[in-house]
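Only one structure is covered here, and it is reproduced in the block below.
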Amino acid sequence: MKTQSLTGQWKFRKSDSQEWLPAIVPGGVHTDLLALDRIPDPFVGDNEKKVQWVADSDWDYSTTFNVDPDVFTKAHLFLVCDGLDTLAEVMLNGHRLGSTNNMFRQYRWDVKQLLKAENNELLIAFSSPVRYGAEQQEKRNLPGVTQAIPGGPHIRKAPCHFGWDWGPQLPPIGIWKDIRLEGFEALRIEEVHLRQQHVNGKVNVTADVTLQSWENANGLAMLKLTTPDGEVLVTSASVSNNKASLSIEVSNPQLWWPNGYGAQPLYKVSVEVSQDSILLDQKEFQMGLRTIELRQKPDEWGKSFTFVV
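First residue of the sequence shown: 100, per the working numbering; consecutive thereafter.
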């Protein structure tokens with residue numbers, strides 16, 4: 100796999116304006132306007148009221164980029180957006196890739212046929228979450244926080260963005276996480292589900308791996324677990340039907356404890372998939388070894404609700 104970040108210097112504008120302004124990605128409209136002294140600091144005095152027009156408006160973000168040669172030559176190329184906040188249309192070189200309506204999820208589009216080696220134009224047009232919420236609220240009135248802008252529950256967006264008893268009404272708009280190109284050959288790791296089972300003082304760590312492949316993928320999956328002390332535990336398994344399941348037993352686990360109850364040691368997890376000894380994709384994670392139990396006991400109101408770590 101090869102990646103190319105598209106973060107950094109972009110430009111943005113109010114959608115009904117012809118004036119493009121410099122922007123930083125990841126970021127958002129409020130922070131970009133504040134950096135340019137186009138709005139007052141919304142956290143000072145009653146400036147919050149003076150900047151409500153920002154979230155009431157539509158905004159465009161755009162960048163022009165060349166594709167790195169080692170990325171461009173890959174057989175399969177994707178545009179990956181880890182966080183778009185929230186209602187947006189994504190265009191590449193004049194072609195619509197799709198729309199977004201959830202700030203919490205990743206969006207991915209196949210762009211192999213649309214990319215050029217040079218001078219690619221990426222445009223992300225954001226719609227006002229406040230206006231959308233108001234339109235949906237007219238169709239179906241959903242209850243919300245008294246101090247919040249109405250309509251927030253209709254959108255997959257952080258509820259506190261619309262205001263709370265402890266926070267201002269400043270719904271952000273923009274590219275708030277990483278955005279990049281990813282290039283692959285025969286396959287890519289689509290998902291890794293990590294599980295842990297604690298038995299008799301030992302922990303069994305399992306990685307269930309799901310692949311997306313474009314050829315007959317009979318590769319090898321490998322799981323590496325690095326302890327907080329630097330010891331490396333390794334296991335491997337063959338890929339079958341784009342899936343592999345790998346498990347490692349940790350004989351003397353260093354357990355993760357909540358703050359104040361003990362240490363928080365973390366294990367490094369690496370999942371690799373190779374074919375003919377050539378690494379095709381890799382994912383890395385960190386995890387703490389601990390159990391979580393939902394404990395419910397009858398009480399005078401029904402049942403208690405406690406998570407025990």
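Yeah, the Cβ is synthetic: ideal placement off N, Cα and C, and Gly gets one too. Computed from a predicted model, the values in this text were never measured in an experiment.
Annotated three-state conformation of T245 is coil, per DSSP. Taking a cut-off of 8 Å on C-beta distances, the region 268–288 does not touch the region 356–365, as fewer than three cross pairs fall below it. The shortest CA-to-CA distance from F171 to any of I347, Q103, W355, N351 is the one to Q103. When the alpha-carbon of E330 is set against those of G318, K342, I347, L319, the nearest one is in I347. The DSSP assignment places complete beta strand (DSSP E) segments of no fewer than 3 residues inside the region 174–204 at 175–180, 187–191, 194–199, in order along the chain. Within the same chain, Cβ atoms closer than 7 Å to the Cβ of N146 are found at P139, D140, the five residues on either side in sequence being excluded. The beta carbons of T162 and W208 sit no closer together than 9 Å.
Assignment of F171 by DSSP, reduced to helix, strand and coil, places it in the helix class. Straight through space, the alpha carbons of I274 and K342 are spaced by roughly 33 Å. R287 sits in a strand when the DSSP states are folded into three classes. Annotation for R230: the continuous alpha helix (DSSP H) segment containing it runs 228–238. DSSP, read as helix, strand or coil, puts K402 in strand. For the options F203, L221, H175, K215, the alpha carbon positioned closest to that of G197 is the one of L221.
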